[in-house]
Amino acid sequence: MPPIFNYTQRYLDLIAQNGSKPCHDVATAEVQLFGLPKPEEADTYIKFKCGKIHSLTLVAFDALGRKRCAGGDYFEIDISGANWKSRAPVLDLQDGSYNILLQMHPAFAGIYRFRIVLGFSNYHGLHRRPERWFRNVTVLDMHLQFVQEEESKDSITRLPNLTQCSSEDFRLDGWIGRWVRTKYNASCSVDQMGRFRCLDSNARCTEPWCQGPIGALESNGWVYSAHCAFRIFTDHDAWKCLNRKWIFFWGDSNHVDSVRNFLNFVLGFENITEVPRRFDTTYYRPGDPSQYVRITSMFNGHSNASLNHEGLFSLHDEAFREQVAAFFKGKPVPDAIILNSGLHDGVYWKHLHQFAEEGAGKAVQFWASLLDGIQGKRPRVVYRTTITTAAWARGAPFNPQKMEIFNNILVEKFREANLLWGVVDGFDLTYPWHFDNNCSDGVHYGKPPAASRWYGQWGHQYFVDLMLVHILMHALCVS
Numbered sequence: 001m002p003p004i005f006n007y008t009q010r011y012l013d014l015i016a017q018n019g020s021k022p023c024h025d026v027a028t029a030e031v032q033l034f035g036l037p038k039p040e041e042a043d044t045y046i047k048f049k050c051g052k053i054h055s056l057t058l059v060a061f062d063a064l065g066r067k068r069c070a071g072g073d074y075f076e077i078d079i080s081g082a083n084w085k086s087r088a089p090v091l092d093l094q095d096g097s098y099n100i101l102l103q104m105h106p107a108f109a110g111i112y113r114f115r116i117v118l119g120f121s122n123y124h125g126l127h128r129r130p131e132r133w134f135r136n137v138t139v140l141d142m143h144l145q146f147v148q149e150e151e152s153k154d155s156i157t158r159l160p161n162l163t164q165c166s167s168e169d170f171r172l173d174g175w176i177g178r179w180v181r182t183k184y185n186a187s188c189s190v191d192q193m194g195r196f197r198c199l200d201s202n203a204r205c206t207e208p209w210c211q212g213p214i215g216a217l218e219s220n221g222w223v224y225s226a227h228c229a230f231r232i233f234t235d236h237d238a239w240k241c242l243n244r245k246w247i248f249f250w251g252d253s254n255h256v257d258s259v260r261n262f263l264n265f266v267l268g269f270e271n272i273t274e275v276p277r278r279f280d281t282t283y284y285r286p287g288d289p290s291q292y293v294r295i296t297s298m299f300n301g302h303s304n305a306s307l308n309h310e311g312l313f314s315l316h317d318e319a320f321r322e323q324v325a326a327f328f329k330g331k332p333v334p335d336a337i338i339l340n341s342g343l344h345d346g347v348y349w350k351h352l353h354q355f356a357e358e359g360a361g362k363a364v365q366f367w368a369s370l371l372d373g374i375q376g377k378r379p380r381v382v383y384r385t386t387i388t389t390a391a392w393a394r395g396a397p398f399n400p401q402k403m404e405i406f407n408n409i410l411v412e413k414f415r416e417a418n419l420l421w422g423v424v425d426g427f428d429l430t431y432p433w434h435f436d437n438n439c440s441d442g443v444h445y446g447k448p449p450a451a452s453r454w455y456g457q458w459g460h461q462y463f464v465d466l467m468l469v470h471i472l473m474h475a476l477c478v479s
C-alpha cells in the first residue's frame, strides 16, 4: 500500500471534518464486494492466481441502500488457512469505498477463509469510550481458492526473493507480513508446564521464511515474516550479540511480558517467573558469569508504577521524567532503547488532537532532549508499535482502529525528529491472531505458559510474543 504522507495532519483534518456533511452521520448497514473473478461452471470456490496482487473494492451502503459518501469505517480482514494467516491491506478512499489487496505465495496455494468484520463505523473507534459504537458485524465470510499459475506461461508472476532482514529493512515504518508454517506436529498438546514443545529442539526453519531453530518458538511451526525474514536465536548467538550490552525498555505491560520471555526463552533464565514493571538489573549468563547483559525496564502506563491508564501523560510527572532521564546522564548510556506506548493512551486521551500534540508531541520532545544531550555514540532506538488488541478488547478504548492510528502518529513524529534507528511492527505481527483469545487475554500476547484453564480451553499460546522477542533481538543484533 502507498504510504500516507503527513499522516498526523491528514487524520486530524479527517476527524475535524467528520460530522460536517449529512452522510457523516449515516451508519453503514451493508456492504458489497466488487472485483471478484467470475467462477467457472465447475468451480466450487472463487479462484485467484498465486503471486499476483488482486485488487477488490468494498463499498458501504446505508440502511436505505444508498452508497455512503464518507469514510471512517474500520474493517478487520482475515485470510486464514491451515498453514497461512495474514491480514489484507485496506485503503480507505474516503468516499464510502475501500480498496482491499490480496496476494498469496505460490508455495501456499490452497483454500482459505476470507472474512471481513466491521468493527466501527464513522471513526467511532476513536472515541474515548467507544464501547457502545462497537459493531462487530461479519459482513462477509467465504472461502477462496488460490491456485498456482501454469509454469509454461510467459506471464507467470515472479516474486522477489525473501531475504534475511538487514538494518535498512527496519526503516520501513509499517509492515504487511504473514504467518506461515511448513512443519507441524498434529498430535502435540500442552504439557504439564503449560508449554507447547511440539517440534524437535533441533528442527530448523524452512528457508526463506526464517533462519534458525524454529522449535525455539514453541509455535508448532508457525513463524512470521514481512518484507524480509527474521532470525530465530539460540542462546549462544543471543549472548554473543548482547554480552556486556545495556538494553533499555520504555513501554507498557506487553514490554514487561516480552522482557520476561526474553530472559526465560532466549537467555536461559528459566527460573525467572516474573519481572517487576520497573527495574534495572545486570544478568549474568547461567554457567558463564563472565558474560552479562544489563536490562532496564521502565513501565510508562502511569507515572505511578502501580497504576494504569495514563500512557504518554505519565511524562507530566516530574519525578517520573527524572527517573527516566537519570539513566542518560553521564556515562555509560544504554546501547539500545526499545520504545512503545499506546494501550494506556487509548484510555487516557479524550481526543485525537490531544494525543497527537500533548501526548506524542511532548513525548518526542522529552526523548529528543535526552538523546541530544548524550556525548559520544547514541543508542540504537527501536520503536515497537502497539499490539492489535484481541477478542473483547476489539471494542475497548484501546481498540485496533484507535491503536493503528496512534501507532502511525507516534512513529511519524519520532521519525520527523530523527530519533529512530528502526521500527518493529508489533501491530501487524499480532493482527492475524486478534480475533479470539487463543493467543491473548485481550491486551497481552506474552503471558507466561501455564497448565490451567484459559478462556474455555486448557493452556494458551504464547508464541506470538516469542516471535516478537526474536524480531527485537534481530533488530538489536543486525549490523
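In this text, residue positions in the sequence shown follow UniProt numbering: the first is 1, and each later residue adds one.
Ideal placement from N, C-alpha and C gives every residue a C-beta, glycine not left out.
Owing to the predicted nature of the structure, the values given are computational and were not obtained by experimental measurement.
For the 8 Å CB-CB criterion, E404 and F427 form a contact.
Relative to A186, the option among N264, N83, P208, I116 whose CA is nearest is N83. Here the C-alpha atom of Q365 lies approximately 44 Å from the C-alpha atom of R204.
With fewer than 16 neighbouring CB atoms inside 10 Å of its own CB, M193 falls in the exposed class. Short of 7 Å from the beta carbon of F146, and not among the five residues preceding or following it, lie these beta carbons of its own chain, in chain order: F48, C50, M104, A109, G110, Y112. Beta-bridge pairing by DSSP links Y383 to L339, V423. V137 sits in a strand when the DSSP states are folded into three classes. Excluding its 5 nearest sequence neighbours in each direction, R260 has C-beta neighbours in its own chain below 6 Å: V275, listed in chain order. When A326, K245, K402, L429 are compared, the shortest CA-CA separation from D73 is found for K402.
In this structure, the straight-line span from the alpha carbon of S297 to that of V478 is close to 22 Å. For the pair S303 and R294, the Cα-to-Cα distance works out to about 23 Å. The way I'd put it, the stretch 413-423 doesn't touch the stretch 445-463; fewer than three beta-carbon pairs between them come closer than 8 Å.
From the listed residues S219, L126, L370, the smallest Cα separation to D465 is found for S219.
Rounded to whole angstroms, L144 and Y45 show a C-alpha spacing of 6 Å.
In this structure, F463 is the residue among P449, F463, K447 with its C-alpha nearest to the C-alpha of P432. Separation of G65 and P89 (C-alpha to C-alpha, rounded to the nearest whole angstrom) is 26 Å. One Cα belongs to Q375, the other to K350, and the distance between them is close to 38 Å.
Across the structure, A390 and D372 are spaced so that their CA atoms are roughly 37 Å apart. Between Q291 and P213, the alpha-carbon positions lie close to 23 Å from each other. Only exposed fits H227, as fewer than 16 other CB atoms lie within 10 angstroms of its CB.
Taken in chain order, the complete beta strand (DSSP E) segments of 3 residues or longer contained in the stretch 212-299 are 223-225, 246-251, 278-285, 288-299. Scanning its chain for C-beta atoms nearer than 6 Å, with the 5 sequence neighbours on each side dropped, one finds around G268 the residues D235, P286, in chain order. Rounded to whole angstroms, the gap between the alpha carbons of G71 and L126 is 14 Å. The closest CA to that of F5, considering only G96, L307, V443, I409, is found on I409. DSSP places C210 in the strand class (E or B) of the three-state scheme. The Cβ neighbour count for Q17, taken over all protein chains shown within 10 Å, is under 16; the residue is labelled exposed. For K362, the secondary structure class from DSSP, reduced to helix, strand or coil, is helix. In the three-state reduction of the DSSP assignment, A356 falls in the helix class.
Counted as a single uninterrupted DSSP element, the beta strand (DSSP E) harbouring Q32 occupies residues 30-34.
Look at W367 here: in three-state DSSP terms it is helix. Given a length threshold of 3 residues, each whole run of the beta strand (DSSP E) inside the stretch 143-200 is given here in chain order: 178-180. 8 Å or more divides the Cβ of L312 from the Cβ of A356. Per the C-alpha coordinates, the member of S253, E416, N264, V223 positioned closest to K85 is V223. Counting only residues of its own chain and dropping the five nearest sequence neighbours on each side, W179 has a CB closer than 6 Å to the CB of K85, W222, Y224, P432.
Annotation for F327: no alpha helix (DSSP H) segment contains it, and DSSP assigns it neither H nor E.
If you ignore the 5 residues before and after L33, its C-beta comes within less than 7 Å of the C-beta of L56, L58, L140, all in its own chain and listed in chain order.
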